[in-house]
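Those protein sequence lines, which keep their order, are chains G and S.
If you read the first sequence in this note's numbering, its first letter stands for residue 1, the second for the next number, and so on.
If you read the second sequence in this note's numbering, its first letter stands for residue 1, the second for the next number, and so on.
Just so it is clear, CB atoms sit at the ideal spot from N, CA and C, and this is done for glycine as well.
The structure displayed is predicted, hence computed values, not measured ones.
Following: one structure in structure tokens, then a few remarks.
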Amino acid sequence: GENVEQHPSTLSVQEGDSAVIKCTYSDSASNYFPWYKQELGKRPQLIIDIRSNVGEKKDQRIAVTLNKTAKHFSLHITETQPEDSAVYFCAAKSQYGGATNKLIFGTGTLLAVQP
Amino acid sequence: EAGVAQSPRYKIIEKRQSVAFWCNPISGHATLYWYQQILGQGPKLLIQFQNNGVVDDSQLPKDRFSAERLKGVDSTLKIQPAKLEDSAVYLCASSSTGGAETEQYFGPGTRLTVT
């Protein structure tokens, strides 16, 4: 079945530095890749997503890149702030089992931004 | 708009007992999902409903888990009997359609502890 790998599992950066989280997926038919931010004890919230017909998307300090040939996508956060500290999950849409919107999540990256 | 509502927020039970979780999706959302999130892992889809029909339940342990979405609005997820490994956060999510790139909105989750 579909698998999504995410690295690193933990990431510590100094405030103001950049952070990069990388994911790879196995289902070549996947065409939608959202990123979720989950603060401790709270619900996952969508922060950015990218579709397969786009190579890069940016929203203020957050950007996502997609390489369909290599089947990997990355989240880039610039000028990190302490409030960026959270667990970040990548996901890929899979159509395994006939589901039309089945998201397969990565294992998460705990980002700690040190003031 | 009001978000996805879930109850209870926390539940502690002993193994072999039964438990039920309730979810009220965002008004008008046709698609409803139940995810299991074990500590330190990403959410794993258990079941997906489109209105009141099941789209995907391939990862639902059907010998002990059941879910229903009568009338295509609220949903309940039941575990009977519970095992220690069922300890997790159970997240409900909804989307306006089951379409490929439709954002999923998550509820706050129910944290289940099985002792």
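query                                                                                                                                                                             : result
Which residue comes first and which comes last in the beta strand (DSSP E) that contains residue 53 of chain S?                                                                   : 53 to 56
So, does the stretch 75 to 82 of chain G touch the stretch 18 to 33 of chain S, judging by three or more C-beta pairs under 8 Å?                                                  : no
Short of 8 Å in beta carbon distance, which residues of its chain neighbour residue 81 of chain S, apart from the five on each side in sequence? Order them along the chain.      : 15, 16, 17, 18, 64
Can you find the residues in the same chain that come closer than 6 Å, C-beta to C-beta, to residue 114 of chain G, ignoring five residues on each side of it along the sequence? : 14
Under a CB-based cut-off of 7 Å, is residue 103 of chain S close to chain G?                                                                                                      : yes
Count the other CB atoms, across all protein chains shown, that sit within 10 Å of the CB of residue 45 of chain G; report buried if there are 16 or more and exposed otherwise.  : exposed
Identify whether residue 111 of chain G lies in helix, strand or coil by the three-state DSSP scheme.                                                                             : strand
Closer than 8 Å, Cβ to Cβ, to anything on chain S: give me those residues from the stretch 63 to 90 of chain G, in chain order.                                                   : 89
Could you tell me how far apart the beta carbons of residue 2 of chain G and residue 26 of chain G are, in whole angstroms, since I believe they sit closer than 8 Å?             : 6 Å
At the level of alpha carbons, what is the spacing between residue 12 of chain S and residue 83 of chain S?                                                                       : 12 Å
Going along chain G, which residues have a C-beta under 9 Å from residue 45 of chain S?                                                                                           : 99, 102, 103, 104, 105
Any beta carbon from chain B within less than 7 Å of residue 6 of chain S's own beta carbon?                                                                                      : The structure shown has no chain B; the protein chains it does contain are G and S.
Is the shortest distance between the beta-carbon of residue 43 of chain G and the beta-carbons of chain S less than 7 Å?                                                          : yes
Determine, using beta carbons only, whether residue 75 of chain S and residue 4 of chain S come nearer to each other than 7 Å.                                                    : no
Would you mind working out which of S/104, S/113, S/66 sits nearest residue 37 of chain G, comparing C-alpha positions?                                                           : S/104
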